[in-house]
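In the numbering used here, the protein residues as written are 533 to 879. Even for Gly, the Cβ is constructed at its ideal location relative to N, Cα and C. Keep in mind the model is a prediction, meaning the values are calculated, not measured.
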Amino acid sequence: MHCRDGLGGRGLCPRATGTFAWPEDRRHLVCTCGRTLLFRWKTRSKRPRTVIPVLRTGLRCGGAPFEACSFGCLEGQQTRMDTHALEPCEREVLSALRRRGVVCRLGRRDGALIPSSEENRQRWYRLLGHYSFRLFLRDLIRLRHGAMVEELTHYCSLEVARHYLGEVDDLGLIQWRKRKAVLKRTDVRSFGPTLEWYVAEVLRREFGMASIWNLRPSKTSGGGDYDVVACADGLLLYVETKSAAPRNIEATQMAAFVKRVATLAPDMAVLINDTQLRMLDKLVPAVQQAARHELPGLGRMRRLRGEIFAARDCLFVTNSEPDLAGNLGICISHFLRSRSALGRPLF
């Protein structure tokens, strides 16, 4: 049983008190939704004892009992994952990572704007497939405390902005205050987490891959988190997502990405920047520079098609022009065909 919508819309985890026979040295719980919880004993009676989890932010949890959870210390010294509390596709990806010696847990997902029901998630997925809607959504998140429809027309017409705003309203993600649209979720501060969810859904829905997003590694030298990891047919894919314009992405971020690739050792890795701007001006040189130190045998990156670049047919840099899902498909098919003894790459 998972936390469906981050902090439950009220800043509180829907999982609450439960009865556990818990070791004395445990100081933290990690809910299956990925949030690390502090706890204190409610009573001083003998075990089993009732514990009240408390979020790192100090907010007390309230709601239904914990039925399954993973646990570990906040510093990640004794972390393990109860895979029975995960979806089958998530267990498959985590098992593939463990076989590579990488232990991960679900990161905090409260910053992603995702509807709670499956039907609404289907509609949300279709909307996010439009580049203009993703640009519109970035403006809406930036002006999350209140935006008039005229303020959301930087990348689309007024008519299209009204249509998009109506769709978001129908999904129950906004409320109206003095003719201004306000996000109901106050914890959504950037488009990045929502983009990670969308890319994971693209891999699952379009390519039949088991996928998981926002993974926090334990005891790795790469630092940061793994935005999207997927697997299928023995292939392990790592996707790094960037929603900012290339000029706002620093070389240190590219170096960290390459270091995570070296630590994870996936079969293929993709850096996807959700933009229609050029990759060759900044991002491709930054990745090549970082690879000289972390992946010295990688070689130079070459252009496959449009703004899709590849090094040794396994490390890709791409934008979302003309289509994010299509570009991901080109990268995956190029990698698989380059590994086939009976075929050849298309590009």
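- Taking the CA atoms as reference points, CYS763 sits about 18 Å from SER870.
- By the CB criterion at 8 Å, LEU812 and ASN805 fall outside the cutoff.
- One alpha carbon belongs to CYS688, the other to LYS716, and they sit about 23 Å apart.
- Excluding residues up to 5 positions away in sequence, ARG666 and TYR730 lie with their Cβ nearer than 7 Å to the Cβ of LEU660 in the same chain.
- Judged by beta-carbon spacing, ASP757 lies within the 8 Å limit of ARG748, meaning their Cβ atoms are closer than that value.
- For PHE848, the enclosing beta strand (DSSP E) starts and ends at 847 to 851.
- Contact between VAL720 and ARG676 holds, since their C-beta atoms are separated by about 7 Å, short of 8 Å.
- Of the residues assessed, ALA732 falls on the buried side of the cut-off, its CB having 16 or more other CB atoms within 10 angstroms.
- Taking the Cβ atoms as the reference, SER664 lies roughly 37 Å from VAL634, outside the contact range of under 8 Å.
- For the pair ARG844 and ASP799, the Cα-to-Cα distance works out to about 11 Å.
- In this structure, the alpha-carbon of ARG736 lies about 21 Å from that of VAL793.
- Within its own chain, the residues whose Cβ lies closer than 7 Å to the Cβ of ARG653, once the five positions on either side in sequence are excluded, are ILE646 and PRO647, listed in chain order.
- Boundaries for PHE879: no beta strand (DSSP E) harbours it, and the DSSP string shows neither H nor E there.
- SER775 counts as buried, since at least 16 other C-beta atoms from the protein chains shown sit within 10 angstroms of its C-beta.
- In the three-state DSSP reduction, SER750 falls in the strand class (E or B).
- Looking only at GLY740, VAL700 and TYR696, the smallest Cα-Cα distance to GLY766 is reached by GLY740.
- If you check the CB distance, ARG837 and PHE879 come in under 8 Å.
- In the structure shown, LEU703 adopts coil according to DSSP, grouped into three states.
- Between the alpha carbons of THR685 and LEU697 lies a distance of about 11 Å.
- The DSSP-derived three-state label of THR773 is strand.
- Pairing ALA818 with ALA783 gives a Cβ-Cβ distance under 8 Å.
- Contiguous beta strand (DSSP E) elements confined to the stretch 811 to 874 occur at 834 to 837, 840 to 843 and 847 to 851, taking only those with 3 or more residues.
- Counting along the chain, the unbroken alpha helix (DSSP H) around ALA794 starts and ends at 783 to 796.
- For the pair PHE848 and ARG835, the Cα-to-Cα distance works out to about 10 Å.
- The C-beta of GLN820 has 16 or more other C-beta atoms within 10 Å across all chains shown, which makes the residue buried.
- When the alpha-carbon of ALA679 is set against those of SER750, LYS712 and THR850, the nearest one is in LYS712.
- Straight-line spacing of the CA atoms in ILE706 and TYR770 works out to 32 Å.
- In the three-state DSSP reduction, ILE744 falls in the strand class (E or B).
- For the pair ASN859 and SER865, the CB atoms are not nearer than the 8 Å cut-off.
- VAL714 is the residue among CYS636, LEU629, ARG640 and VAL714 whose C-alpha sits nearest the C-alpha of ASP671.
- Around the CB of THR807, 16 or more other CB atoms lie within 10 Å, so the residue is classed as buried.
- In terms of Cβ geometry, VAL802 and LEU827 do not form a close pair [threshold 8 Å].
- The alpha-carbon separation between ASN746 and TYR657 amounts to approximately 18 Å.
- Shortest Cα-Cα distance from LEU618 to any of ALA842, ASP855 and ALA742 involves ALA742.
- For the pair ARG779 and SER722, the Cα-to-Cα distance works out to about 17 Å.
- The C-beta of ARG630 has fewer than 16 other C-beta atoms within 10 Å across all chains shown, which makes the residue exposed.
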